[in-house]
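One structure is given here, and the rest of the page talks about it.
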Amino acid sequence: MRLPVLEGRAVREVGEPHLRPTLLSPAIFGGRKMSKKSIRQFRGVTRRTFLAVGASALLFAACGNSDQSAADTVAEASSDTAVTEVFTNKIVSLSATATEMLYAIGAQDQLVAVDNYSNYPEAAASFENKIDASQPSAEAIAALDATVVLLAYDPGNLQTQLEALGITVWTGAAATSFDDSYKQITELGELTGKSTEAEALVASMKSDIETAVSSMELPDAPVSYFYELDNTYFSVTSNTFVGQIMSQFMLQNIADTAEAGNDYPQLSQEAIISANPQLVFLADTKCCQQDAQSVAARPGWNKIDAVAKGNVVELDDDVASRWGPRVVDLVKQVAAAVAKFVETSKK
């Protein structure tokens, strides 16, 4: 049985909450997340401050043979001299979502390696240094002179190993809300000296999402839907991040009553057919090669309202399984699907 994925990697049910089958798990993943205070302290350790004192002073500082000469140059600078912070992080991202966030705020120059699931944007997909996120080696990461490692969760005791080597670990657990996503972008902005860019990105995301929701005509009554994580019919409930996105559009999840206490239940074909959802969202178009045609070919599925009326929505697995800047794309695609449903329902 093929398991659902987080950021493109398979996860399995072994009892720990952070390993439930999930796209956007509400669980807190392993690893200690850096607080804002920790981030500020880290910035103070890793940044180098340079003073813009004119071409001659810069040349003098560059050609000096001792730390004292550079210190003298700083001491002689006037109080109104401009100060520029130059961040010297060497970041290894083992989170495809965090990788997308770094590129979106323009902090990609601080990356020295990314994980094998980081495939967006194209520059990340073709990044020279790739690390297997399922079996990362602390020694291999240290060999890259990494100063910071970004995790979505801790596979084993990686964080402990990295910290023993003097490497800082930042953990961005899977979001449970838009605010979680915004917070992570903001923290990465602080960590990389891109706070202004991070704030602008968050503002843009908020505006785009609000527009996508407010500019469309919502259904007169709740519309039932099935959200497919993989072709073994794992799904999500309304308690998840994806479920919350859907709820904004008057959508009613058929998986909510499937399995008490489990927000990532596995439904049977019989249960799905019986529920007769009006919309079907496929988040397994890449991993499992599913599309509207393959769904229609499943035994009995042609009787489902969504299939019969052409309301099977094919999502991009990566966009649907990450909580970075492209969550806006997911919201817009859901909005378009609901708008189409509303329009065709009038005919």
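Our numbering applies: residue 281 is where the sequence shown begins, and numbers increase by one. In this text, a Cβ means the ideal position worked out from N, Cα and C, and glycines have one as well.
What are the boundary residues of the beta strand (DSSP E) that includes F561? Note, F561: beta strand (DSSP E), L559 to L562.
From T456 to A444, what distance separates their C-alpha atoms? Straight-line measurement puts the Cα of A444 at about 30 Å from the Cα of T456.
I want to know whether the stretch 503-512 touches the stretch 474-483 - three or more CB-CB distances under 8 Å. No: the two stretches stay apart, fewer than three of their Cβ pairs being nearer than 8 Å.
Short check: CB of T427 to CB of I371, under 9 Å? In contact: T427 and I371 (Cβ atoms closer than 9 Å).
What's the call for N591, buried or exposed, on a 16-neighbour Cβ count within 10 Å? Answer is buried; the Cβ neighbour count reaches 16.
Can you find the residues in the same chain that come closer than 6 Å, C-beta to C-beta, to D543, ignoring five residues on each side of it along the sequence? Hits under 6 Å: T517, N519 and T520.
With three or more C-beta pairs closer than 8 Å as the rule, is the stretch 449-465 touching the stretch 567-578? Verdict: no, contact absent.
Which residues share a DSSP beta bridge with I411? D395.
Cβ neighbours of A378 in the same chain (closer than 6 Å, five flanking residues each side left out): So the qualifying residues of the chain are L430 and G452.
For a minimum of 4 consecutive residues, which ranges assigned as the alpha helix (DSSP H) are wholly contained in the stretch 400-487? Taken in chain order, the complete alpha helix (DSSP H) segments of 4 or more residues contained in the stretch 400-487 are 402-405, 418-422, 438-444 and 458-472.
Identify the continuous beta strand (DSSP E) that holds I553 and give its terminal residues. Following the DSSP letters along the chain, one finds I553 in no beta strand (DSSP E) but inside the alpha helix (DSSP H) bounded by residues Q549 to A555.
Going by alpha carbons, who is nearest to S625 out of D500, N437 and Q415? Taking only the C-alpha atoms, the option nearest S625 is D500.
Should D597 and D609 be called a contact, given that it needs their Cβ atoms to be closer than 9 Å? Between D597 and D609, the CB-CB gap reaches or exceeds 9 Å.
How big is the Cα-Cα spacing for V560 and S494? In this model, V560 and S494 are separated by some 23 Å (Cα to Cα).
Under DSSP, the alpha helix (DSSP H) around Y383 begins and ends at which residues? Residues A376 to A384.
Identify the residues that DSSP records as bridge partners of Y507: which are they? Looking at the DSSP assignment, Y507 forms a beta bridge with F561.
Report all residues from its chain with a CB closer than 8 Å to the CB of Q441; omit the five preceding and five following residues, and keep chain order. Same-chain partners within the cutoff: A418.
Leaving out five residues before and five after Q528 in sequence, what residues of the same chain have Cβ atoms less than 6 Å from its Cβ? For Q528, same chain residues with a beta-carbon under 6 Å away, outside a window of 5 residues either side, are V493 in chain order.
Quick one: grab the DSSP three-state call for V516. Assigned with DSSP and collapsed to three states, V516 falls in coil, not helix or strand.
Kindly indicate the opening and closing residues of the alpha helix (DSSP H) around Q524. Here the alpha helix (DSSP H) through Q524 covers F521 to S527.
Comparing alpha-carbon positions, which option in L531, A387, N533 and I553 lies nearest E467? Among L531, A387, N533 and I553, the Cα nearest to that of E467 is on A387.
Assuming L547 and A538 are in contact, meaning their beta carbons sit under 8 Å apart, how far apart are those beta carbons, in whole angstroms? Indeed, because the Cβ distance is near 5 Å, the residues count as touching under 8 Å.
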